[in-house]
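Asks: Mind looking over this structure? Questions follow.
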Amino acid sequence: MKILVFLFALCSLTLVSQNNYSSLDTIKAPASYDNIYARPLYKDTAEVSSYVIFIKSEVKMHKHIDHAEHVVVLAGNGEMTLGEKKFLVKKGDVIFIPKNTFHGVKTTSKTPLKVLSVQAPYFDGKDRVMKEQ
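Numbering of the sequence shown is given in this note's numbering, commencing with residue 500 and proceeding in unit increments.
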């Protein structure tokens with residue numbers, strides 16, 4: 500019986516560790532997608548969500564009423580607008596986007612932008628407000 504409990508615990512730990520680990524280098528976009536492809540990584544329904552996002556052209560200006568966002572650029576280059584500021588972004592850059600702040604990005608490289616987006620609290624898309632052009 501002790502062996503069964505041990506094996507169950509070992510299997511459970513293996514499953515938990517697999518669900519809490521991703522190699523960002525191995526995450527690829529599908530062969531074809533429109534402008535944006537977002538792959539969910541992790542979601543805690545109350546606290547946080549994270550995605551790897553591929554952007555071919557742009558993310559139009561928008562804001563989130565209820566959550567803040569951290570973005571880490573994993574590949575590609577772009578021009579980010581954050582509030583009234585515009586700046587270039589590249590691999591290795593980290594951007595903090597406070598809640599209720601308009602933001603968007605245009606890809607300037609031949610390869611799509613690839614970013615890690617971590618949002619808190621949990622992002623379900625309901626608090627997104629697009630900026631009128």
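We put the beta carbon where it would ideally sit given N, CA and C, even for glycine.
Fair warning: this is a prediction, and the values are worked out from it, not measured in the lab.
Pairing CB atoms from the segment 568-585 with CB atoms from the segment 528-547, are three or more of them under 8 Å?
Replies: no
Asks: Spell out a yes or no on whether the segment 548-559 and the segment 598-616 are touching, meaning 3 or more CB-CB pairs, one atom from each, closer than 8 Å.
Replies: yes
Asks: On the three-state DSSP scale, how would you describe residue 519?
Replies: Position 20 of the sequence shown holds residue 519. In the three-state reduction of the DSSP assignment, residue 519 falls in the coil class, being assigned neither a helical nor a strand state.
Asks: For residue 618, is the classification buried or exposed, using 16 other Cβ atoms within 10 angstroms of its Cβ as the cut-off for buried?
Replies: Here residue 618 corresponds to residue number 119 of the sequence shown, with the count starting at 1. Residue 618 comes out buried.
Asks: For a test of the three-state rule: what should DSSP assign to residue 524, helix, strand or coil?
Replies: Numbered from its first residue, the sequence shown carries residue 524 at position 25. In the structure shown, residue 524 sits in a helix (DSSP, three-state: H, G or I).
Asks: Using a threshold of 9 Å, state whether the C-beta atoms of residue 599 and residue 588 are closer than that.
Replies: The residue you call residue 599 lines up with position 100 of the sequence shown. The residue you call residue 588 lines up with position 89 of the sequence shown. It is not a contact, given that the beta carbons lie outside the stated cut-off.
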